[in-house]
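To start, the structure under review is shown below, and the notes come after it.
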Amino acid sequence: MLDHPVSSLPELVIKGKKLRLPIIQGGMGVGVSLSPLASAVAREGGAGIISSACLDRLVSKRNGKKLNTYEATYEEVSLSKAAGGFAGINIMVALVRDYEDSVKGAIDAGADFIISGAGLPLGLPAIKPPKDTALIPIVSSARALDLICKKWDRLRYRPDAVVLEGPLAGGHLGFKMDQIDLESNRLENLFPPVKEMAIKYGDIPVIVAGGVYTHADIVRFLEMGANGVQMGTRFLATEESSASPVYKESVIRAKEEDIIVANRPGSPCGLPFRIIKQSPMYVSALKRLRQPKCDKGYVLLKDDEGKFARCPAKESNENCFCICNGLLSSAGYNPDKEESLFTVGTNASRVDKILTVKALMDELAGRVLAATS
Ligand SMILES: Cc1cc2nc3c(=O)[nH]c(=O)nc-3n(C[C@H](O)[C@H](O)[C@H](O)COP(=O)(O)O)c2cc1C
Ligand code: SF4
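Here the sequence shown is numbered in this note's numbering, starting from -12 and rising by one per residue.
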């Protein structure tokens, strides 16, 4: 294969925003994709996406001053956009308590995109008029996209794009445990009905995610009719990602058999969650060593009295680990107090070095001879 001095990949246009490359860097919580990563990706012509998860704590610690969720979101989105290009935020539906404040902070800061999954973002357009911000749900089936479009139609809003995430992704998965390995759920097989549904609702751009790794993968999905790709694991393994050094080393060391989907003990969000099995918090969770303690509260749901008080990891360590603390530790927030939990995509076993965002984007764009293709 020869070097391509200029990328052969087409632009991606979402709500009038013209991305030079059809590459969205997926939001990675907790604290993995913050403004250093998002702004670097934005500068290189892709979409840089921060994660909303636990942002108030992370930004408050950095600033040495307490900020609430709205303020932290506003600041981090602004920093992501400061160096030019397009940047936005991933806001998980499962983080109910902070959801609305995250959305408001992002829109007020002029986020180019709000990407929202880990649940169906049925009420997203009703929170605040999005102005120039593109609203992008994450789905794992055509049915989910249909449901969202029907609900959003009543709110007089159409998704500006949709991310179809297959079961090879990192983080939480939108599939039941016994559906993850089904042939019918391979990304290439999930894609055609979702594309058809997207066309039905006015040719919504479809972005595919989960297992996309090389320039050749991107070309293959574009040829199938995708408008762009969203990638997580490749960006986790960059200099600019805010994963802790031990996290990045674990990614480099991880072999195929080390990457598992955790469930009982698993995430209190109730979705299968892909991790490196040697993650210290997971090893302790298997032995039920960590006593339940809820001092962060991001996953809390309302109790009968309407108070955010319920999390399956709060009272028992039987089925769930404390994801807030495990992931905050992996982002270097409290590693001396809590053990880390490393979430990755299936392809983490292929990562053998940490790249700069510039080198990675050049490789993905096909501008250099890609060692991995
Ligand atoms: C470390 C890590 C953290 C992630 N956190 C989130 C998240 O907070 N919210 C979300 O919607 N997706 C999350 N994801 C999924 C990514 O945004 C992306 O869609 C997915 O990883 C794509 O698959 P890939 O890793 O094979 O490229 C995460 C992925 C990784 C690897
Ligand atoms: S128990 Fe842990 S995971 Fe659950 S809300 Fe509290 S701090 Fe978060």
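Heads up, the beta-carbon is just placed ideally off N, CA and C, and yes, glycines get one too. What you are looking at is a predicted structure, and each value in this text was computed from that prediction instead of being measured.
Following the DSSP letters along the chain, one finds Met348 inside the alpha helix (DSSP H) bounded by residues 344 to 352. If you draw a straight line from the Cα of Val286 to the Cα of Val83, it comes to about 7 Å.
Placement of the Cβ of Leu109 at a distance of 7 Å or more from every heavy atom of ligand 2 is found. Its chain contains His(-9), Ser(-6), Ser(-5), His202 as the residues whose beta carbon lies nearer than 6 Å to that of Gly353, once the 5 sequence neighbours on both sides are disregarded; these appear in chain order. One thing to note: Leu258 has its Cβ no nearer than 8 Å to the Cβ of Ala196.
In the three-state DSSP reduction, Met184 falls in the helix class (H, G or I).
Residues of the same chain with a CB within less than 7 Å of the CB of Glu244, apart from the 5 flanking positions on each side, do not exist. Distance from the CA of Cys136 to the CA of Leu155, rounded to the nearest whole angstrom, comes to 25 Å. Secondary structure of Ala224 (DSSP, three-state): coil. Around the beta carbon of Leu169, fewer than 16 other beta carbons lie within 10 angstroms, which makes this residue exposed. By the criterion of a C-beta distance shorter than 8 Å, Pro(-3) is surrounded in its chain by Pro9, Leu209, once the five residues flanking it on both sides are discounted. Of the heavy atoms belonging to ligand 1, none sits nearer than 7 Å to the Cβ of Leu(-1). Residue burial is scored here from C-beta neighbours: Lys324 has fewer than 16 other C-beta atoms within 10 angstroms and is therefore classed as exposed. The residue among Glu227, Leu347, Lys301 with its C-alpha nearest the C-alpha of Ala318 is Glu227. Proximity of the beta carbon of Asn312 to ligand 2 is indicated: a heavy atom of the ligand is located closer than 7 Å. The three-state secondary structure of Glu87, taken from DSSP, is helix.
For the options Asn77, Asp119, Ala113, Ser316, the alpha carbon positioned closest to that of Lys2 is the one of Asp119.
Inclusion of Val238 and Ala335 in the CB contact set at 8 Å is warranted, their separation being smaller than that value. Taking 8 Å as the cut-off, the Cβ atoms of Phe308 and Val28 do not count as close. Within the model, the alpha-carbon separation for Asp339 versus Gln217 is close to 21 Å. Of Ala346, Gly212, Asn176, Ile125, the smallest CA-CA separation from Asp190 is found for Gly212. When the beta-carbon positions are compared, Ala272 and Pro299 stay at least 8 Å from each other.
For Val193, the beta-bridge partners assigned by DSSP are Val149.
Annotation for Ala131 indicates a beta carbon at 7 Å or more from all heavy atoms of ligand 1. In this structure, the straight-line span from the alpha carbon of Ser65 to that of Lys274 is close to 43 Å. According to the DSSP assignment, Met218 belongs to the beta strand (DSSP E) that extends over 215 to 218.
DSSP links Thr330 through a beta bridge to Ile262. As computed with DSSP, Pro124 is found in a beta bridge with Ser103.
Considered as a whole, the region 231 to 316 harbours 232 to 240, 267 to 273, 299 to 302 as its complete alpha helix (DSSP H) runs of no fewer than 4 residues, in chain order. Inclusion of Leu287 in the 7 Å shell around ligand 2 follows from its C-beta lying nearer than that to a non-hydrogen atom of the ligand. At a cut-off of 7 Å, the beta-carbon of Ala272 does not count as near ligand 2: no heavy atom of the ligand is closer than that.
Between Ser127 and Phe162, the gap from beta carbon to beta carbon is short of 8 Å. Annotated three-state conformation of Leu24 is helix, per DSSP.
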